[in-house]
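Shown next, in structure tokens, is the structure this report addresses.
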Amino acid sequence: MIKKDYYQTLGISKSANDREIKKAYKKLAMKYHPDRNQGDKNSEKKFKEIKEAYEVLIDPQKRTTYDQHGHSAFDQGGGYSNYSSFDPNFSNNTDFSDIFGDVFGDIFGTQKKKRAKKGADLQYNLELSLEEAVRGLNKTISITTFQTCSPCFGTGSQSKEHTHKCQTCNGSGQIHLRQGFFSVQQTCSTCQGAGEIISNPCLYCKGTGRIKKEKKILVKIPPGVDNQDKIKLKNEGEAGKNNANAGDLYIKIFVKKHPFFQRKENNLYCTIPINICIATLGGEIQIPTLEGKINIKIPPETQSGKLFRIRHKGVTSIRTYQTGDLLCQIMVETPINLNQHQKKLFKELQNSLNENNTEKNNQKSKKFFEGVKKFFDDLTG
1 MIKKDYYQTL GISKSANDRE IKKAYKKLAM KYHPDRNQGD KNSEKKFKEI
51 KEAYEVLIDP QKRTTYDQHG HSAFDQGGGY SNYSSFDPNF SNNTDFSDIF
101 GDVFGDIFGT QKKKRAKKGA DLQYNLELSL EEAVRGLNKT ISITTFQTCS
151 PCFGTGSQSK EHTHKCQTCN GSGQIHLRQG FFSVQQTCST CQGAGEIISN
201 PCLYCKGTGR IKKEKKILVK IPPGVDNQDK IKLKNEGEAG KNNANAGDLY
251 IKIFVKKHPF FQRKENNLYC TIPINICIAT LGGEIQIPTL EGKINIKIPP
301 ETQSGKLFRI RHKGVTSIRT YQTGDLLCQI MVETPINLNQ HQKKLFKELQ
351 NSLNENNTEK NNQKSKKFFE GVKKFFDDLT G
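Be aware that the sequence shown starts at 1, since it is given in the UniProt record's numbering, and climbs by one per residue.
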């Protein structure tokens, strides 16, 4: 029986490149695949012809031989013995996952396995002072992780000549087992899913393509970061396997407790102690901010707990770029360790207050004792 020209079988010209061959094969194989045309003998025959043509034309050496000698080079007894005759049945080692990818994945229940595997993402916990978090800075960190082996460029082999396609899985990294209508895929145990066998591994990485070592990274901390914020550094994580992309590095921010300020969102809070004289008579005090010291006026008769808001002395938001406020809570200090003269002066003040209507001078005390009196009256009433 005279066989049809392989180029005509795939509907391509003799100058077609690999991409055009694969594209034509994929289109025709999808159309005539036995699983899509069950019971159709003509489709099954057509599919075998298509696959036979593809296996020859996609292989550079076989294609050259075919162009020179035609079908006789591959027929049994044809006198050409450099290639073993192939079995045109569907159960051979053709790597369909390489041709069809996700398309036949839906038909067979499998998908193309990528030999290269992206590296793992990493997290680095970075502790900052409040000032560093608010102002931002550049900080160099050191991490120890898997990096691409430089001597072998991540291949795991001493040279390309020492790397060969795995014959068990035909370089796919997977073994496909047919079970009725479905196909089950398993990682190839021979090459461990790599699709390649290294006969002479790299002496530095022992064939893994990666080496665990320390590296330094410059991290740019933007102004306004807060506790638990994360900064993503793309491709700074663990190196991928078989020259795949590296994972990402996440810098997680932890802000140390400040001795004076507390941060709530973009506002800063602090407690300002003042003596009883300034609280009573008023005055001017000096308070710290993250930008330096400033003076604020304390009005007369300021009570403990009074909150002063100083605009735009807080933190500039990393998201909205708006600056928060500084809120200062007043704490009136009770004097201690008084000498006799000071105690005498306070007693004189006390007598003076008692003589000049204590209720008027101590409104909170008045309200407190009125409340206590009402409470006991209700109990006994």
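The C-beta atom is built at its ideal place from N, Cα and C for all residues, glycine as well.
Contact check, residue i vs residue j, beta carbons under 8 Å
{"i": "Asn200", "j": "Gln158", "result": "yes"}
{"i": "Ile251", "j": "Tyr66", "result": "no"}
{"i": "Glu58", "j": "Ile21", "result": "According to the sequence as given, residue 58 is Ile; it is not Glu. Closer than 8 Å, so yes."}
{"i": "Pro273", "j": "Met331", "result": "yes"}
{"i": "Gly173", "j": "Gly195", "result": "yes"}
{"i": "Thr144", "j": "Glu214", "result": "yes"}
{"i": "Thr140", "j": "Leu218", "result": "yes"}
{"i": "Lys264", "j": "Thr289", "result": "no"}
{"i": "Thr271", "j": "Pro300", "result": "no"}
Same chain, Cβ closer than 7 Å to residue i, five either side skipped, listed in chain order
{"i": "Pro151", "result": "Cys202 and Tyr204"}
{"i": "Lys114", "result": "For Lys114, the predicted structure reports a pLDDT of 41, less than 50, and the residue's modelled location is therefore unreliable. A value from the coordinates is still provided. Same-chain partners within the cutoff: there are none."}
{"i": "Val225", "result": "Ala133, Ile253 and Ile318"}
{"i": "His71", "result": "Lys3"}
{"i": "residue 382", "result": "There is simply no residue 382 to check, as the chain begins at 1 and stops at 381 in what is shown."}
{"i": "Asn93", "result": "Only weak support exists for where Asn93 lies, its pLDDT of 40 falling under 50; the value from the coordinates is given anyway. Excluding residues within five positions, the ones whose Cβ falls inside 7 Å are Asn170."}
{"i": "Cys188", "result": "Cys166, Thr168, Cys169, Gly173, Gln174 and Ile175"}
{"i": "Phe47", "result": "Ala29, Tyr32, His33 and Pro34"}
{"i": "Pro60", "result": "none"}
Exposed unless 16 or more other CB atoms sit within 10 angstroms - verdict on residue i
{"i": "Asp102", "result": "With a pLDDT of 40 at Asp102, under the threshold of 50, the predicted position of this residue should be treated as unreliable, though the coordinate-derived value follows. With fewer than 16 other Cβ atoms within 10 Å, it is exposed."}
{"i": "Glu238", "result": "buried"}
{"i": "Phe146", "result": "buried"}
{"i": "Cys328", "result": "buried"}
{"i": "His341", "result": "exposed"}
{"i": "Thr9", "result": "buried"}
{"i": "Lys112", "result": "With a pLDDT of only 40 at Lys112, under the threshold of 50, the placement of this residue in the model should not be trusted, and no figure is reported."}
{"i": "Lys41", "result": "exposed"}
{"i": "Asn138", "result": "exposed"}
{"i": "Tyr321", "result": "exposed"}
{"i": "Lys51", "result": "buried"}
{"i": "residue 386", "result": "In the structure displayed, the chain extends from 1 to 381; residue 386 sits before or after that span and is not available."}
{"i": "Gly39", "result": "exposed"}
{"i": "Thr163", "result": "buried"}
{"i": "Leu268", "result": "buried"}
Beta-carbon proximity list for residue i, same chain, < 6 Å, skipping 5 on both sides
{"i": "Gly136", "result": "Ile221, Pro222 and Pro223"}
{"i": "Asp18", "result": "none"}
{"i": "Arg311", "result": "Asp325"}
{"i": "Ala246", "result": "Gly119, Asn235, Gly237, Ala239 and Gly240"}
{"i": "Glu44", "result": "Pro34"}
{"i": "Asn339", "result": "none"}
{"i": "Ala16", "result": "none"}
{"i": "Lys216", "result": "Thr140 and Ser142"}
{"i": "Arg309", "result": "Asp325 and Leu327"}
{"i": "Glu49", "result": "Thr9"}
{"i": "Ala24", "result": "Leu10, Gly11 and Ile12"}
Assumed close pair residue i, residue j - CB separation to whole angstroms, cut-off 8 Å
{"i": "Gly240", "j": "Lys118", "result": "5 Å"}
{"i": "Asn242", "j": "Gly209", "result": "6 Å"}
{"i": "Leu128", "j": "Val315", "result": "Incorrect: roughly 13 Å between the Cβ atoms, too far for contact."}
{"i": "Gln186", "j": "Ile198", "result": "That pair is no contact at about 21 Å."}
{"i": "Ile298", "j": "Gly282", "result": "6 Å"}
{"i": "Leu130", "j": "Phe261", "result": "6 Å"}
{"i": "Thr323", "j": "Asn266", "result": "7 Å"}
{"i": "Ile276", "j": "Ile287", "result": "Not a contact, Cβ separation roughly 18 Å."}
Own chain residues within Cβ distance below 8 Å of residue i, not counting five before or after
{"i": "Asp248", "result": "Asp121, Leu122, Lys232, Leu233, Lys234, Asn235, Glu236 and Gly237"}
{"i": "Lys212", "result": "Thr144, Thr145, Phe146 and Gln147"}
{"i": "Lys14", "result": "Tyr7 and Asp67"}
Practice problem: Kindly confirm or deny that the segment 330-345 and the segment 302-319 touch, where touching means at least three C-beta pairs closer than 8 Å. | Solution: yes
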